[in-house]
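In what follows, a single structure is set out as structure tokens and then discussed.
In this note's numbering, the protein residues as written are 3 to 472.
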């Protein structure tokens, strides 16, 4: 019973739950903000009301996700003081700086202009109203960068000095912190992946209506946009993921070794990458594998004869640096999360390529299963992004701040396991209710479809919808 009331274990489960749940809304919001801005720009320039329909349609979904993301994000930040007070005390001076910038600059920018966009449809000039949604999109991307910069410090601590008297890390250079090599590599990879998620949502929503023969003129354009968006952002995600791998190997070689379950240092042809592997759940024993020689070396070092350090060698090295202890992450989690991240993302890109082929030159497939695949493929890129985040965070263990502070030392000392358990159960129930609300709202918005658009007024040039006049 005492094991189930371990404050550290429960605090980690709670933070994992709230982080993954919050992360469901983040990529959709980031990607849809720019998507809606692009749709509105095309409408503003062309006057084609189909793009206005798409702007209003996906704008509604964007607002639902934005609201839910704000609520879950606030709850997540409360946990730093509630369950991780030692972490907050140790790193608050550094970690708090980018979070403050995110709140005071990016989020205020985003929240202010999203309000102007919502209420400015029949009040602001077209060009100015368009600028508000672009400012919202910029704010969402800025917000993401500051969050990633804060997390990058946990992966690769920079721009700090240790105050031995107070036992804490203190910030010495905000610009060095924001220019952390891990942040610079993770940011474009994350944003590109977010556009994969939003493109998947656009594809699914358009396919739902096309399957039923509804709103054909607008939804065919949305489908093409989503399919091309998935392919382009997928290629970008792959490219920037390669750059992130190099930064990861430089900062945390143990994570890359865990991603391949490489226990001994390998070089050249021996540094092979398994495309498909069957093994024991702990990742220690390989039963069957399809491997590509040299590929792991190429990914890790951009060289065919490069070497990848093994888990055992790194364990001995870390023991010499940091003292006795187990410095390996949970191998099976990092091993399989890395593969699911790549596999799910690639599968969604393949589906998008096939989708472009079967709908080429205006073709409309009659088989309902084709549209069903497009609709139900949406979770693929979202799941890929989530397991990628799990890989990033679990691969850092046992450190909460790599090389500086272990996770077990960061938990709040005066919070009991029962306290954490009660809040964990409460959060789980509340998040379960919010999930039902979110899904119902989004599904209802998708089924409702875009608003009907009347012809422009010949005198004013304004376009009337069911609820607004522009």
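Note that the Cβ used here is the ideal one computed from N, Cα and C, for glycine as well.
Next on the checklist: Do residue 432 and residue 25 count as a contact pair if the criterion is CB distance below 8 Å?
Outcome noted: no
Next on the checklist: If you follow the beta strand (DSSP E) that residue 401 is in, where does it begin and where does it stop?
Outcome noted: 401 to 403
Checklist entry - What is the DSSP secondary structure of residue 199, reduced to helix, strand or coil? => result helix
Next on the checklist: Between which two residues does the alpha helix (DSSP H) holding residue 387 run?
Outcome noted: 380 to 396
Item to check | residue 406, DSSP secondary structure in three states | outcome: coil
Checklist entry - Looking at C-beta atoms only, is the number of pairs between the stretch 401 to 413 and the stretch 77 to 88 that lie closer than 8 Å three or more? => result yes
Checklist entry - Mind checking residue 164: buried by the 16 CB within 10 Å criterion, or exposed? => result exposed
Next on the checklist: Quick check on the DSSP output: the beta strand (DSSP E) that includes residue 126 runs from which residue to which?
Outcome noted: Neither: residue 126 is in no beta strand (DSSP E) and is coded neither H nor E.
Checklist entry - If we count the other Cβ atoms within 10 Å of its Cβ and call it buried at 16 or more, is residue 369 buried or exposed? => result exposed
Next on the checklist: If you measure between the beta carbons of residue 36 and residue 139, is that distance less than 8 Å?
Outcome noted: yes
Item to check | Rounded straight-line distance, which links the Cα of residue 402 to that of residue 79 | outcome: 16 Å
Checklist entry - Residues in its own chain within less than 7 Å of residue 75 by CB, not counting five upstream and five downstream? => result 24
Next on the checklist: To test your reading of the DSSP string, which unbroken alpha helix (DSSP H) runs of 4 or more residues are found completely within the stretch 311 to 352?
Outcome noted: 313 to 324
Next on the checklist: On a Cα-Cα basis, can you pick out the residue from 356, 50, 151 and 425 that is closest to residue 15?
Outcome noted: 425
Item to check | Exposure of residue 128, with buried meaning 16 or more beta-carbon neighbours within 10 Å | outcome: exposed
Next on the checklist: On the CB-based measure, 16 or more other CB atoms within 10 Å of its CB, does residue 120 come out buried or exposed?
Outcome noted: exposed
Checklist entry - Which residue from 132, 98 and 137 puts its Cα closest to that of residue 113? => result 137
Checklist entry - So the beta strand (DSSP E) residue 171 belongs to, where does it begin and stop? => result 170 to 173
Item to check | residue 27 - containing beta strand (DSSP E), residue span | outcome: Note, residue 27: premise wrong, no beta strand (DSSP E); not H, not E.
Checklist entry - In terms of residues, what are the limits of the alpha helix (DSSP H) holding residue 92? => result 87 to 103
Item to check | Which residues DSSP lists as bridging residue 275, in chain order | outcome: 294
Item to check | C-alpha distance - residue 395 paired with residue 454, whole-angstrom precision | outcome: 45 Å
Next on the checklist: Does residue 251 pass the burial test, meaning 16 or more other C-beta atoms within 10 Å, or should it be called exposed?
Outcome noted: buried
Checklist entry - In this structure, does DSSP put residue 158 in helix, strand or coil? => result coil
Checklist entry - Which partner residues of residue 42 appear in the DSSP bridge assignment? => result Residue 42 pairs with nothing; no bridge assigned.
Checklist entry - Cα separation between residue 301 and residue 151? => result 24 Å
Checklist entry - Quick one: what's residue 477 bridged to in DSSP? => result Residue 477 lies beyond the residue range present for the chain, which begins at 3 and ends at 472; the question has no answer from this structure.
Checklist entry - Taking just the CA atoms, how far does residue 148 sit from residue 254? => result 21 Å
Checklist entry - Taking one C-beta from the stretch 322 to 329 and one from the stretch 241 to 250 each time, how about it: are there three or more such pairs within less than 8 Å? => result no
Checklist entry - How many Å lie between residue 110 and residue 315 at the Cα? => result 47 Å
Next on the checklist: Let me make sure I understand the geometry here. Which of 170, 366, 312 and 349 has the alpha-carbon closest to that of residue 199?
Outcome noted: 349
Checklist entry - How about the stretch 255 to 269 and the stretch 369 to 385: do they share at least three Cβ pairs that are nearer than 8 Å? => result no
Next on the checklist: Between residue 56 and residue 223, how many whole angstroms is the CB-CB distance? I'm expecting something under 8 Å.
Outcome noted: 7 Å
Item to check | Alpha-carbon to alpha-carbon, residue 220 and residue 214 | outcome: 14 Å
Checklist entry - Do the CB positions of residue 99 and residue 30 come within less than 8 Å of each other? => result no
Checklist entry - Going straight from the alpha carbon of residue 335 to that of residue 73, what length do you get? => result 29 Å
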